[in-house]
Every structure is written in C-alpha cells, then in structure tokens.
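To keep things clear, I will list the structure first and then write my remarks on it.
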Amino acid sequence: MTQKHKKNRNVGIIGIGQTIYSSHREDVNQPEMIHEAVEIALKDAGLTIDDIDCVVHGNMELFQMVQQPDCWHTIGTGAYGRDQFRLTTGGTTGATLVAASDNLVASGMYDIVLAIGFEKLQEGHTTGGITNMADPLWGRSLQTGALTGATAGEMIEEFGEDRAKRAAMRHRVIMDKHAVLNPNSHRSFGLEFEQIDDLMKNSPPLVGELRLIHMCSQSDGACAMIFACEEKAKELSDRPVWIRDHIAVHREETFTMFSSNKEMRPEITQRYAARKLFERNGIGNPVEYFDVFEMYDPSSWWGMDWLKNFMLLEGDEHLKMVEDGEIMIGGRLPVNPSGGVVAANPIGATAMARVAEAALQVRGDAGKHQVPGEVNHALASGFGGTFWTVMTMLEKNLDWQEDNNG
Amino acid sequence: MLTKRVAICAVAQTPFVRDMWYKRFQEMCFDVVEPILKETGANFDEDTGIRNVITCSDDVFDARTISDNAVTDPVGAHYRGEEKVSMDGCNALGYAAACILSGHDDVMLVVGHCKESQPESRDMCTNLAFDPFYCRPVGLDNTNLSALQARAYIERSGITEEQLAEVVVSSRRNAAKNPVANEKGQVTPEQVMASPMLCDPIRALHAYPVSDGAVAFLVSSAERAAEFTDRPVWITGFANCMDSYFPGDRDLAGTEILARAAKRAYRMAGVNDAAKDFDLVEVNGAFAHQVPMWLEGLGVCGAGGEFISAGGLDDKKVNLSGGMLSGNPIMLGGLARAAEAVLQLRGEADGRQVGGAKRALVHGTTGPAGQHQAVLILEN
C-alpha cells in the first residue's frame, strides 16, 4: 500500500537568488558571496531580511575546512536574531535544504524560510575532500574523488562502443548549448555537434571513457531560495511555485556493493526514488507529465544513464531521447536548460540550483534559457554521497490535490 | 502552539566515556539504534516504517567528509531518507518535530554521535569554526573565547569563585547517580578552585571533559505513538536563535539571544514563567560559568550567582544528568540533555528520578561560546 502524500499546509517558492558560478571568486569571501545570493533572493521576493523567520544553511565543512561555517556566515546570511538550522548531506545538500525548508514551513513552525547552499571550492581541494569521504580502512585507498568510469564501461557494453560514446558526447554538447544561454554558467564553451568525433578522441581520459569534457567542474557560488506558507506566498507573490512533494533515498557507504554482478545489484536509487515519488503522486508517464527536468548530472555518462532511471524508461529509450534532441530546449522533455551540473558545480549549492532553475522555468523567468510553452510541472533531482538521491516536484498551480494527473 | 502532536517514543544512549577507542562511530550508532528498534518494534518498512532518519554529527570531529555517509547503514537509512543536522543535537530533535508536523513523516529516528577523543585537541577543531582571515590566525577556539566570556560575565555579574565551584560540585554529585555519565569523580569546592588554570579564568575542573558517545530517539506523530510506547514524551516547544559572529560584535556576557529563543519556545508551549513552570532543567553549559549564564537567559533564575548560593541548582533540579561538566561531546550536549529529560518524564531515571515530573526544559548551544542557542520543551 502506498500512502498518498499529504502536507500539513502548502509551501510556495517566492524568491530565488543565484550568484554567477565561477572557478574563482577571489573578489569576495564566503559570507560576501552568500550575501550576493541572499540579496538577489530577497529582492526577487520583494522582502527584506526582517521578513525572514528562519534561515537554513548547508555545505561541506571539509571542502573549505571551516567548521560549522553557518556561525561565520551569519554576517552574510542575515541569520542574526533569527532561528537557524544547518543541514548537510554531501552533494544532495542543496536539495536537502529545499526539503528541510518545505518541512519547516509546512510544519507551521515558520511562515517564511530562507535557504542558502554555497561552496567556494577554490579555497580547498575538492577531490581530496571527496576522497576523504571513503572509509579510511576499506575504501579510501581506492577512492578517486568523484570520478568513476564504471557507468561508461557498462553503457559501452550494453549499447556498443560507438553509439554509447557518441550519445554521451551528444549529451555533453547539448548541455553546453544550454549553458551558453545561461549567464550564471561557470563553463560554456560554445561546443558544436560537429565536434563530437574530435572530442570523443581528444578530450583527455580521466577514468576509462569518462573524459575531462564529460565531467563536472568545481565551482564557487551560492544559491538562495525563499519559501513561504500558502497564505503568505499568495499575499507576497503573484507567481509562487508550489512544492508538491520531495523524496530522499540514501544508501550504504560503498559504491561497489555487488557492482561487479548486475544481477545481484539493488535497484539504483534514482529509479527507486522516482518510482516511489511518482507512485504516491499518481504520475503514470513522467516524460509526458513533466515540462522540464533539472537533473544533478555530475558527468554526461551519469546524466544519460540516470535519465533512463528517473524517467522509468526501458532499453535504449533514453539514448534515443538524447540522439533525437528530445532533451533540448524546445524538445519533448527539456533536461537542464540551465546547462546542468557539468556547466557549474558549487557542490553545496548545486542541488539547490536545480530546484531554483526548475522554479524559474515554471515562473517563465529563465531568460534566454527559458523553454518554450507553458511550464506547469517541473522536476529537480539531487545527487550526493554514494548514489544518494533527493527529488523535488514543483507545480505552477495548486490543483493536484483534487486531481492527480498523469 | 504545538500541544501534544509530536511524540518521543524511546531513547537510548551509550555510556559516555573518555575514549571509546574500541568502537568506531558507526558501531556506537548501531548500539543506540538497535535497543530502540527492539523496545518499540519500529522497523524500516517502505510504507509504514522509518522512512527518514535525522542524524547529528560534525565532519570535522569525525575527520570524514560527508560523515553521515559512514552511518547510513547502521542507522537504517539504506534506501531511506537521511538528513544530517550538523549542529547541537537539540536542533535535530526540533527539526524532526518539523518533519512530523509537516505531514511528510510519521515515524523517524534521530541519531547523534561524536568522538571528541579522536582529534589530537578539540580546540584544534573549534579553531576551524572561525574565519580564516581575522579570528583563526590569532588562535581563537571555543575554550579561549569561552574564557573571554567567563571574564566578561564575572565582571558583569560579580559571580564568585565559590559559586562557580558549586556548579562543578553539583554536576559531579548528580553524575554519580547517572549510569551513562562520564566523569563521576566527586570534587570539593576547594579542589575546583585549586585546579590548574586552563584558560584564565577557566580552570581545568570548570571545563567539560572530553567524551565519546551516541544518543538516539524514536520520534513519531501523535496518531502513531501508541504503536511504539505507552509512555510518550511530547515535544511541545522548540525554537533557536543565532547571534552575530565577530566576538567584538557580540555581547559575550549577555543572554539576549538565548532569551529570544526561549521566548519563542515558551510561547509555543504555553509557558508563562520559566522559574516556576518546569519540573526539571537540563542546561548545556560546557564551562562552569555558562550554567548560571544560560539559566539567567532562560529565565529560570535572576542573578545566577545568588541562585547558586541559595541552593537553586538543587531546588530547580538543574542538570540531574550531571550536565556537560560530567562529560558529553559538544555536538551531543543538547541531545544528552534531552535524553535525561525524556527518562525523567517517563519515570525511568532511577535513583535521580524527580517525582511527578511533568514538564522539562532542555537547552543546547552550537558554535563558539554559545553563538547559537536552542530551547526545547518536553512534557509527558
């Protein structure tokens, strides 16, 4: 029996602020960078910091080597004198902060919550930091930061070398074509489909067929979002974006459990989370239901493989969606009109930026990377830890309670 | 008002010890989760079981990036949700209450762990809580900022060495009756006042001892509480509050931030007079001077020094667990305080039981010298 999802009260997104994402923000320190995002979000919502009841903050301590950085960052977040929580869950942090804000507002404890995800990866050593995630006895000597080529190997085995490699590179070029339309992007190269053959050969390999061009960057940047209860959201905003539901699915700490034997492997968390979320919200055909999908895609290989799992596709349907350009802005299901994570990855902000970008699409405020047509239903995903997944469903209208579409 | 909508159905603690070298933190978590499952019959069923776990830990103390990754398995979050509150555990309970009230969850685990014995010095860890430009290079850490605070508080309040010593004596006396307390050695006021100066004016015996330990709770909605316990303890109030960052911007000897958190929590729980409305008080003072300071901020007493001299610590049942001064890791200060309050309100506190306890005040702090304050109210 799957229980229907029921909230104590509805929660709307009423403010969004992102800094530019960049490899180096030497012009600002951490609280200053956060303050940029907070200021934009407050302005977007037409609020001042005095309207905020509670601040939610998150990132990874060991990426910048600051313990409990929310204490220092108070001078940039505006948390002084207010309730404040700090939550961290690795790469999913940003999505967890959205989920936490959703919970805190829906609970009735706070009417208006400001959430801030940030990272200034330039100030630390990201790959060293991620490697330090692995168990010091059993996993650390094998861990290569966030780099894993296993998915590439498996897709090559399943779909043939040329088709898999070509599709992964097409995915990468599509993301870049989106990224050049997004003024906040860290990386936008102006890649063309004609370059696919060249990149397949000449982009430096990192692990097997996972090449440098496929992989996400490490970025500096902050994302801030403001959430309000239904009453306040309607009062303060003419275009609130409603959070319909969220789901978190984490798993035990190794990437490798049973991975050499596909038959014994548990269902990938992306598929498990999607199945559960869609089931309890009555979504039968996610590709048709959603108008846009902002996915946390740490590499083009994972982006492509997870499309299959998030959208509950079978066989090579996901490859076809990439090959036929259906994931492009203007396609059947635009994926990452922002350019996605391969375009910018300030880790603690990354998963929140997915929700923020999805919400901008629902509002019609995404500027040059706005998808054509009305965006009523949007999906965002976060990735972290060892295949941890957090998904957020956004809606333009408060109509799902009476009528479950899909 | 929260009324009785969020229930704490069970609590488990490891003993707090100076150095749990024989257990990794994963096993410490397992040690507190297993008895809770056994006691309550809660499980991890996909639809009706625990579908979200709130963990509480700190990456720097754990020396692990994303250290909740290491405990996902022992806390049962494999293919379930897990959210880590990386601050004093009191806030993890407050956040769990929000998850239940939101309607998103109806039964959850809250699991906190910390091994302060692991780093060469816990001051090295808390030094990293300061910005790398101004405060970190001059060597500020939780101990020496608390010492500046102690000096400022002594100046402001005129609290005496004898009164501060009494805080420690009382803590150790209570700890002797708490089976999970770390430091149970009895001390006299003279011993406290003659103990070596750690960081002027904080003496060695004024400071909380290094400890390792883990705490877990099962939290549920009111509708489901009866499935897990016939003695639920209700979360009826929670609020927290953040102070400014730079020590010079803060009133280090002041309690305004704590008073603000308390006011919001009291309003939620319908508490009118903190000096009268609680049957016991668990306050998170990691250094002796902080106990009277925080009690003032909470409105439990007027001038802390006089309150101590008048036997207030015993009268108001302050820190029957022994409090931080008998040893909890800093991350778990509020969680260990809440654990004691739950035991008292369930009538399970054995030799230190307060007869007919109905309502408890729990306090937690995060950050250098109590930059962030949290207040939790529990009732049976």
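As given, the protein sequences belong to chains A and S, one line each in that order.
So the first sequence is numbered by my numbering: it starts at 32 and just counts up by one.
So the second sequence is numbered by my numbering: it starts at 18 and just counts up by one.
For glycine and all other residues, C-beta sits at the position ideal for the given N, C-alpha and C.
Note that this is a predicted model, so its numbers are computed, not measured.
Below-7 Å beta-carbon distance, residue i vs any chain S residue
i        : result
Cys102/A : yes
Phe418/A : no
Glu283/A : yes
Thr179/A : no
Thr105/A : yes
Glu117/A : Looking at the sequence itself, residue 117/A is Arg, so the reference to Glu does not match. Closer than 7 Å to some Cβ of chain S, the Cβ of Arg117/A qualifies, so yes.
Ala137/A : yes
Tyr25/A  : Nothing about residue 25/A can be read from this structure; chain A reaches only from 32 to 437.
Val280/A : yes
Thr123/A : no
Tyr320/A : no
Gly160/A : yes
Asp82/A  : no
Gly43/A  : no
Asp114/A : yes
Gln249/A : no
Beta-ladder partner(s) of residue i, from DSSP
i        : result
Ala411/A : Glu325/A, Thr423/A
Ile117/S : Paired residues: none, contrary to the question.
Glu99/S  : Val70/S
Leu362/S : Beta-bridge pairing links Leu362/S to no other residue.
Gly43/A  : Ala259/A, Trp273/A
Gly48/A  : Ala255/A
Three-state class that DSSP yields for residue i in the structure shown
i        : result
His349/A : helix
Thr72/S  : strand
Cys216/S : strand
Asn428/A : coil
Ile71/A  : helix
Gln390/S : strand
Cys26/S  : strand
His306/S : coil
Cys142/S : helix
Leu395/S : strand
Ala305/A : helix
Leu344/A : coil
Gly313/A : coil
Ala327/S : coil
Val127/S : strand
Gly106/S : coil
Thr31/S  : coil
Lys334/S : coil
The beta strand (DSSP E) enclosing residue i, as first and last residue numbers
i        : result
Ile83/A  : No beta strand (DSSP E) contains Ile83/A, which DSSP labels as neither H nor E.
Arg376/S : 376 to 383
Trp337/A : Counting along the chain, Trp337/A falls outside any beta strand (DSSP E), though it belongs to the alpha helix (DSSP H) covering 331 to 341.
Thr175/A : Unbroken run through Thr175/A: none, as it is neither H nor E.
Met210/S : Looking at the DSSP string, Met210/S is not in any beta strand (DSSP E); the run it does join, the alpha helix (DSSP H), is 206 to 211.
Val88/S  : Here Val88/S belongs to no beta strand (DSSP E); instead the alpha helix (DSSP H) covers 85 to 88.
Proximity test, Cβ basis, 7 Å: residue i and chain A
i        : result
Met259/S : yes
Gly254/S : no
Gly339/S : no
Tyr112/S : yes
Gln388/S : yes
Lys101/S : yes
Asp131/S : Correcting the residue type first, residue 131/S is Cys in the shown sequence and not Asp. Cβ-Cβ to chain A under 7 Å: no for Cys131/S.
His380/S : no
Ala182/S : no
Tyr151/S : no
Ile219/S : no
Segment limits, alpha helix (DSSP H) that includes residue i
i        : result
Asn159/S : 159 to 174
Ser237/S : Note, Ser237/S: premise wrong, no alpha helix (DSSP H); beta strand (DSSP E) at 229 to 238.
Leu342/S : Taken as a continuous stretch (DSSP letters only), Leu342/S belongs to no alpha helix (DSSP H), as it is neither H nor E.
Val21/A  : With chain A covering only 32 through 437, there is no way to say anything about residue 21/A.
Gly156/S : Gly156/S -> no alpha helix (DSSP H), and no H or E assigned at all.
Glu179/S : 178 to 192
Distance cut-off 6 Å: residue i Cβ against heavy atoms of the ligand MG
i        : result
Glu313/S : For the structure depicted, the ligand MG is absent and the ligand set is empty, with no information on it obtainable.
Within chain B, the residues that residue i reaches when beta carbons sit closer than 7 Å
i        : result
Thr127/A : The structure shown has no chain B; the protein chains it does contain are A and S.
Run through the stretch 208 to 283 of chain A for me and flag every whole alpha helix (DSSP H) of 4 or more residues, listed as ranges in chain order.
-> 227 to 233, 261 to 267
At what residue ranges does the stretch 95 to 172 of chain A contain a whole run of the alpha helix (DSSP H), taking only runs of 4 or more?
-> Taking 4 residues as the shortest admissible run, the stretch 95 to 172 of chain A contains the following complete alpha helix (DSSP H) segments, listed from N- to C-terminal end: 101 to 108, 124 to 137, 157 to 162.
What runs of the alpha helix (DSSP H), each 4 residues or longer, lie entirely inside the stretch 33 to 66 of chain S?
-> 42 to 57
At what residue ranges does the stretch 355 to 422 of chain A contain a whole run of the beta strand (DSSP E), taking only runs of 3 or more?
-> 408 to 415
Runs of alpha helix (DSSP H) lying entirely within the stretch 235 to 286 of chain S, each at least 4 residues, in chain order = 239 to 245, 273 to 286
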